[in-house]
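Chemist:
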Amino acid sequence: MSMNPAMNEGMKDEAKVANFFIQLGYFTRPHIQIYPSERTQKVSDIDVFAVKFDRYLNRQAVLVEVKKNSNRIADMFKLYGFKAYYGNPTTYFVSNRIGEIFLDIGKSLGINAITFMKLGEMSQSEGKDVDEKFTDEDIAWVEKSLKTIRDEFDKELFWKYHYLWLERNPYTRFFRIQHIFTKTKVIPENVKAEVLWFRKELFIEAFLAHLDMANDCIGIEAEKIDRYVGEKFYDIGTPKEGKLKIKQGVDNLLSILKKFSEEQNQSIEWPTIEVIPKYLENLVSLIKQTIKNARYVNKYFLLNDHIYRASLHNQPISVDTVAKYSVQARGLKDTNDLILRILHDGPIMHDFNNFV
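Whatever position you read off the sequence shown (first residue = 1), add 138 for the numbering used here.
#1: Per DSSP, which one or two residues make a beta bridge with glutamate 558?
#2: What separation, rounded to the nearest whole angstrom, lies between the Cα atoms of tyrosine 463 and glycine 244?
#3: What would DSSP say about methionine 416, mapped onto helix, strand or coil?
#4: Measure from the C-beta of threonine 310 to each C-beta in chain D and report whether the shortest distance is under 8 Å.
#5: What number of angstroms, rounded off, separates the C-alpha of asparagine 420 from the C-alpha of glutamate 359?
#6: Short of 6 Å in beta carbon distance, which residues of its chain neighbour tyrosine 218, apart from the five on each side in sequence? Order them along the chain.
#7: How many angstroms separate the CA atom of leucine 302 from the CA atom of glutamine 262?
#8: Is glutamate 152 closer than 8 Å to valine 200 when the C-beta atoms are compared?
#9: Which stretch, first to last residue, makes up the beta strand (DSSP E) that contains phenylalanine 254?
#10: Among Asp183, Phe296, Tyr194, which has the Cα closest to the Cα of aspartate 350?
#11: Can you give me the start and stop residues for the alpha helix (DSSP H) that serine 456 sits inside?
#12: Considering only the beta carbon of each residue, do asparagine 234 and phenylalanine 345 sit closer than 8 Å?
#13: Can you grab the Cα-Cα spacing for the pair asparagine 474 / phenylalanine 493, in whole Å?
#14: Taking all protein chains shown into account, decide if glycine 380 is buried (16 or more other Cβ within 10 angstroms of its Cβ) or exposed.
#15: Given a threshold of 16 other Cβ atoms within 10 Å of its Cβ, counted over all protein chains shown, does arginine 314 qualify as buried or as exposed?
#16: Pull the bridge partners of threonine 166 from the DSSP assignment, please.
#17: Determine the closest residue to aspartate 354 out of Ile184, Pro308, Arg365, with distance taken between C-alpha atoms.
#18: Classify valine 388 as buried or exposed, calling it buried when 16 or more other Cβ atoms lie within 10 Å of its own Cβ.
#19: Considering only DSSP beta bridges, list what alanine 251 is partnered with.
#20: Does the beta-carbon distance from asparagine 146 to aspartate 274 come in below 8 Å?
#21: Assuming the contact rule is C-beta atoms closer than 8 Å, leucine 450 and aspartate 276 should be a hit. Round their C-beta distance to whole Å, please.
#22: Quick check: leucine 284 and phenylalanine 296, are their CB atoms within less than 8 Å of each other?
#23: With burial defined as no fewer than 16 other Cβ atoms inside 10 Å of the residue's Cβ, what is the status of asparagine 226: buried or exposed?
#24: Helix, strand or coil for glycine 380 per DSSP?
#25: Looking at methionine 214 and phenylalanine 240, is the spacing between their C-beta atoms short of 8 Å?
#26: By a C-beta neighbour count over all protein chains shown, 10 Å radius and 16 as the cutoff for buried, is glutamate 327 buried or exposed?
#27: Asparagine 250: which of Val232, Met487, Gly237, Arg167 sits nearest, CA to CA?
#28: Is it the case that the Cβ atoms of valine 268 and glutamine 198 are separated by a distance below 8 Å?
#29: Can you grab the Cα-Cα spacing for the pair threonine 112 / glutamate 238, in whole Å?
#30: If you count every other CB in all the chains shown that lies within 10 Å of the CB of valine 324, and 16 or more means buried, which is it?
#31: In terms of DSSP beta bridges, what is serine 182 paired with?
#32: In chain order, which beta strand (DSSP E) runs of at least 3 residues are fully inside the region 328-355?
If you want it as structure tokens, here you go:
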């Protein structure tokens, strides 16, 4: 994909900042485009998103605006808008230089205005080096792949994917990720590389959504989590009461049709109407398992993203390669296996991935 020099420099800076946070133990995504609806022009973007979970599943999220040679006040207020929308995460404005007035405005908005040099020092003193890092070529390839999916595979999935970044409810987000994933089972040869990448990305985002759900369930007695999560899925889309009324009406209609068919000596298999996802039982098991193993799950998350980044560089590696200890590999495989079963809503199809 051809890029103008300014875009290329911007992507390099975003990749650099994303890698700083990877070194600090965060899952990161650079260059997130925000499309709230089916429009030809994006509304805005998030230069870098980062998140990690501590051993108690407490969530630590970060938003970063990267402007190498700019201290525009408008950019600071745009970042403040994202900060407010996403529930007040830690927020950074990163530039080569930070003016005194700009620094004061950042402080009043609760935004950390720092230089690239300072952020680099933080990652060197507190972080660890990582083998697989984001590059500007990765960012450009992902952007190109999403446009290929829009233009040559399924335009609707492009818009639905981008809207995921505006969805703050993890239950709704997981529901939508799973729905999008099921739409990618048949892969045309001409877009195979792009769609297989897309499935990996959806898997990683499903992993994040399930961590957010587990975080929400902390403190709930284990035997009550089933009901709690079930109620959350009842409320996605049509409210629970409406869904139950629709189900009752359809069941009554099917009962009448079934009786009529039996009177006519016709054998017809009638469908079961579901008002919550069939995978809910597996999802609840996954959430309980994650809460039980809370001290390990951020490590699992980062290992999966390591595998993802390696695949961007055409250097596929497996869980066994990145897991340091065999027990760690087993725990990671068990978690990944359950997530993939939920995404497939049944047995795992051959998926050309390295997550199990």
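By construction, the Cβ of each residue, glycine as well, lies at the ideal position given by its N, Cα and C atoms.
Modeler: Taking the definition as stated:
#1: The first residue shown for the chain is 139 and the last is 494, placing residue 558 beyond what the model contains.
#2: 43 Å
#3: Position check: residue 416 holds lysine in this sequence, whereas methionine was assumed. Reduced to three states, the DSSP call for lysine 416 is coil.
#4: Protein chains in the displayed structure number just one, and chain D is not present.
#5: 18 Å
#6: Leu247
#7: 32 Å
#8: no
#9: Not the beta strand (DSSP E): phenylalanine 254 falls in the alpha helix (DSSP H), residues 254-264.
#10: Tyr194
#11: Taken as a continuous stretch (DSSP letters only), serine 456 belongs to no alpha helix (DSSP H), as it is neither H nor E.
#12: no
#13: 6 Å
#14: Confidence at glycine 380 is low in this model, with a pLDDT of 49, below 50, so its placement is unreliable and the value that follows should be read with caution. Exposed, because fewer than 16 other Cβ atoms sit within 10 Å of the Cβ of glycine 380.
#15: buried
#16: Ala188
#17: Pro308
#18: For valine 388, the predicted structure reports a pLDDT of 46, less than 50, and the residue's modelled location is therefore unreliable. The matter cannot be settled from this model.
#19: Phe231
#20: yes
#21: 5 Å
#22: yes
#23: exposed
#24: Bear in mind that the predicted position of glycine 380 carries a pLDDT of just 49, short of 50, making it too unreliable to give a figure here.
#25: yes
#26: exposed
#27: Val232
#28: no
#29: Only positions 139 to 494 of the chain appear in this structure, which leaves residue 112 out of reach.
#30: exposed
#31: Ile172
#32: none
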